[in-house]
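Take 1 as the starting number for the sequence shown in UniProt numbering and just add one per residue. Here's the structure we're looking at; comments come further down.
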Amino acid sequence: MFSNYKPTWMVEAVYKITPAQLKKLGIKAVLTDLDNTLIAWNNPDGTEELFTWILEMRNAGIPVVVVSNNNSERVARAVKKFELLYVARALKPLPVGINKAKKMLDLADEEIIMIGDQIMTDIRGANSAGIRSVLVKPIIETDSWKTKFNRFWERKIMSYLVKKHPDMDWRGGIE
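What follows is the structure, encoded as structure tokens:
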């Protein structure tokens, strides 16, 4: 019933995903949500851990593209210091923004993953676009007012999914 919300993997944090794990699975590029996935929604400056993760991906030749429902000014300001490509106003859970990012990369669907902290937008969007997905725990416990409604429904959907798929659990990587 809710299979279009089921992530391929569930990982504690985006920083736990390594280039070695990605390469082992044939993944050549990462699409990622912005707020509460890469940065706290209320702090666009990021952390040292994020800078290190992006540098590791860049050094491994794995592009990281931010796919966010936020407006272009917000996303551009947040990703400027990281020198990342991005798609703003992505309209997730529709596949529009994810498909736009896929075209930027010119890779096969199986060579791309989407990472995000919300099953209602990020995971469903990835599944709609035909790519694998990684659900990560939100960086901080609070959300912007726009996300609070989704979190209510996410708890209900996750409860259903975990009962139906007992193997769904948080891991330290995507292996």
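Quick reminder that beta carbons are idealized off the backbone N, C-alpha and C, glycines included. Predicted model, so just to flag it, every value in this text is computed and none were measured.
Host alpha helix (DSSP H) of residue i (start-end)
| i | result |
| --- | --- |
| I62 | From DSSP, I62 is part of no alpha helix (DSSP H); its letter is neither H nor E. |
| residue 209 | Summary: the structure shown does not reach residue 209, with the chain confined to residues 1 through 175, and so no result is reported for it. |
| K23 | P19 to K24 |
Under the three-state DSSP convention, the category residue i falls into
| i | result |
| --- | --- |
| R77 | helix |
| I131 | coil |
| N43 | strand |
| D35 | strand |
Minimum C-alpha distance to residue i - residue among the options
| i | options | result |
| --- | --- | --- |
| V65 | F82, R74 and Y86 | Y86 |
| L161 | N150, G173, T52 and I119 | I119 |
| K16 | M168, N43, M57 and A78 | M57 |
Whole-angstrom C-beta distance between residue j and residue i, which should lie under 8 Å
| i | j | result |
| --- | --- | --- |
| T33 | S68 | It should be pointed out that residue 33 corresponds to Asp in this sequence rather than to Thr. About 6 Å separates the two Cβ atoms, so the contact holds. |
| P7 | S133 | 5 Å |
Distance CB(residue i)-CB(residue j) smaller than 8 Å
| i | j | result |
| --- | --- | --- |
| I112 | K102 | yes |
| V11 | R171 | yes |
| I139 | A78 | no |
Delimiting residues of the beta strand (DSSP E) encompassing residue i
| i | result |
| --- | --- |
| L85 | L85 to V87 |
| M10 | W9 to V11 |
| G116 | I112 to G116 |
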